[in-house]
């Protein structure tokens, strides 16, 4: 599904990712943990296509050179980034945005676009699962949403768009326990053989709910350790410094 | 330019008093000429220059023959009363949805035939510093007076159709419109402009509204149609106790518009709301100038103007809130936000507060900037193309002002016109 080879990314000459390598197969759930400033969000942004980075290396996504694809095509081809800080866009109706986004993807796949009625039915069902109040969907996109509502809205978008590769950038931050559970259930319900996840987090807590197949420790732009989900527990105990020193 | 005033006056001889006002006003205009950017209020709209650059031979409109108007231009699927002006001439009024006993309307031409009627509006022909007002006094050829009795609520909106046809080519057309809304009455008014065949004209209209106690007057100024017109519109409002004046401006179409709104809050608890959008491209130049005068205690005013500028267009918002020393407990607010989408476009914003009372709550804000790249990235990361993302953001940005419209049916109409325009613009 995704094969990252010797990826280097820097911003204004400052190196953030250094010879980063990672392979994610279909159906796998990978977690990347790391301290502040280790390059976690940069990785997510580079994969989604955010501008402003100097990039070297290679990223293959379904055997295609991902780095050459424009942002929207990456999304249409099934890459989804759940933002750490979802953007507030005043005046844009959330439902309308969701519909435009879904239809852009459907159109790309050569599928029939949904009309308003079918779309609302779909949203109703999906938002119910995530315990999202319907009325927030008629509000302006992320404007005035609480931290939890914003994150749930990201997961709602994910469940509607049904991506092949979902990248969750610190989706757990700012969530209370109840919301964390709901969000995790949302993610778990999407897990299947054809769909992969890259979960970026500071804390092991989220991984109690979403069991990863692999845990990687990212320090200074490099993976310094890879293990099973037990590695997360180890991190919790010894901290990033302890674990990366063991190496 | 050589406006042939004598010729105009010969054709429009009435009673001496009016003839003299016209003559005096025209002399005043001639001494001053069209306003230039040297005048503070015209700093951002150099009208003299604009007129000289766009009209080779501007003439006074004199065609009295009323050709039929194009009734295809009437708004469809929208129940409304109508007043039709063609090239500024009053053609007809139709209050099909109302109790006609409660409504009086008379054309200005008819008023001008009768000295006694004229007495009622004589005060509105006062001298003014603004030479366009003098010009309007001198050359007004028609318009109307609409009087609505006390305790009458309009059941449907009233649309004023300002139609212009080929007889208006290279003409300056001056009108006056008077509306008196009685106590406890309400009216929603749509001021709607349409011109066909790319006729180039200059329209100078002065509106005078009187809003009596507890009355509600909502006005929607719709300039949506892309055309070759040059428009100056001055609205003067007198608001009495506990009355509401709302004015929404859809400023999208013509080459030039300068809209002025002078609202005088004269008695307790009266309020004034001015909201609107500008979406300009090409060489368009639109200005909104507001003057909200809080002259009494406990009055409220609020303004929200959102503008998007493309190509070589320019927009201006000059908003002034004046608070008289007796106007304690004033609540005044204004906000202007503009998105500049081309390096050749410009937006000027000049908020002004002039406050002489000490117990007031007034605020103003103004921002001008580009589309936020983080927002674009967010939308593109959800599969939208850059164009789609831009458009969605611009639409949302302007929508915030459209959302302030409190009349559902008119909101639908305005959204329809707005969508048509934004779909024809490359944002």
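Protein chains in written order, with our numbering: chain A, 547 to 793; chain B, 614 to 1040. Note that the Cβ used here is the ideal one computed from N, Cα and C, for glycine as well.
- In terms of Cα proximity to residue 960 of chain B, the closest of B/975, B/803, B/922 is B/922.
- Within a 10 Å sphere around the beta-carbon of residue 810 of chain B sit fewer than 16 other beta-carbons, which makes this residue exposed.
- Going by DSSP, residue 723 of chain B is part of the alpha helix (DSSP H) stretching over 721–725.
- Fewer than three pairs of CB atoms, one per stretch, sit closer than 8 angstroms, so the segment 647–660 of chain A makes no contact with the segment 1005–1015 of chain B.
- Residue state for residue 708 of chain A is assigned as coil, using DSSP reduced to three classes.
- Taking CB atoms only, residue 1001 of chain B has a neighbour in chain A less than 8 angstroms away.
- Residue 791 of chain B places its beta carbon 8 angstroms or farther from that of residue 833 of chain B.
- Distance from the CA atom of residue 706 of chain B to the CA atom of residue 687 of chain A, rounded to whole angstroms, is 44 angstroms.
- Taking a cut-off of 8 angstroms for Cβ pairs, the segment 612–628 of chain A and the segment 710–718 of chain A touch, as three or more such pairs fall below it.
- For residue 555 of chain A, the nearest beta carbon of chain B is not closer than 8 angstroms to its own beta carbon.
- In the structure shown, residue 715 of chain A falls within a strand segment according to DSSP collapsed to helix, strand and coil.
- Contacts between residue 1034 of chain B and chain A, judged by CB atoms closer than 9 angstroms, are missing: the closest CB pair is about 16 angstroms apart.
- Per DSSP, reduced to three states, the secondary structure at residue 617 of chain A is helical.
- Membership of residue 776 of chain B in the beta strand (DSSP E) is indicated by the continuous run 771–777.
- Remark: three or more beta-carbon pairs, one from each stretch, lie closer than 8 angstroms, so the segment 582–598 of chain A and the segment 734–750 of chain A are flagged as touching.
- Looking at the DSSP output, residue 965 of chain B bridges to B/933.
- At least 8 angstroms separates the CB of residue 610 of chain A from every CB of chain B.
- At least one CB of chain B lies nearer than 8 angstroms to the CB of residue 617 of chain A.
- When the beta-carbon positions are compared, residue 761 of chain B and residue 824 of chain B stay at least 8 angstroms from each other.
- Residue pairing for residue 803 of chain B: DSSP places it in a beta bridge opposite B/772, B/833.
- Non-local beta-carbon contacts of residue 826 of chain B in its own chain, meaning distances under 8 angstroms to residues more than five positions away in sequence, involve 796, 797, 853, 854, 855, 856, 880 in chain order.
- Across the set A/755, A/750, A/737, the C-alpha of A/755 shows the shortest separation from the C-alpha of residue 724 of chain A.
- Taking a contact to require three or more Cβ pairs closer than 8 angstroms, the segment 735–749 of chain B and the segment 761–780 of chain B do not qualify as touching.
- For residue 645 of chain A, the closest alpha carbon among the candidates A/667, A/602, A/581 is that of A/667.
- In this chain, residue 636 of chain A is not harboured by any alpha helix (DSSP H); it is covered by the beta strand (DSSP E) spanning 635–639.
- If the five residues before and after residue 580 of chain A are omitted, its C-beta is found closer than 7 angstroms to the C-beta atoms of 586, 763, 764, 765, 786, all from its own chain and listed in chain order.
- Cβ-Cβ distances below 7 angstroms link residue 976 of chain B to 946 in the same chain, with the five nearest sequence neighbours on each side left out; the list follows chain order.
- Proximity of chain B to residue 669 of chain A at the Cβ level (cut-off 8 angstroms) is not reached, the minimal Cβ distance being about 14 angstroms.
- Our two residues, residue 1024 of chain B and residue 557 of chain A, have alpha carbons roughly 46 angstroms apart in a direct line.
- In the displayed model, residue 695 of chain B falls within a strand according to three-state DSSP.
- Beta-bridge partners assigned by DSSP to residue 789 of chain A: none are found.
- Only residues of its own chain outside the window of five on either side were considered, and among them 616, 617, 618, 620, 621, 752, 784, 785 have a CB closer than 8 angstroms to the CB of residue 673 of chain B, listed in chain order.
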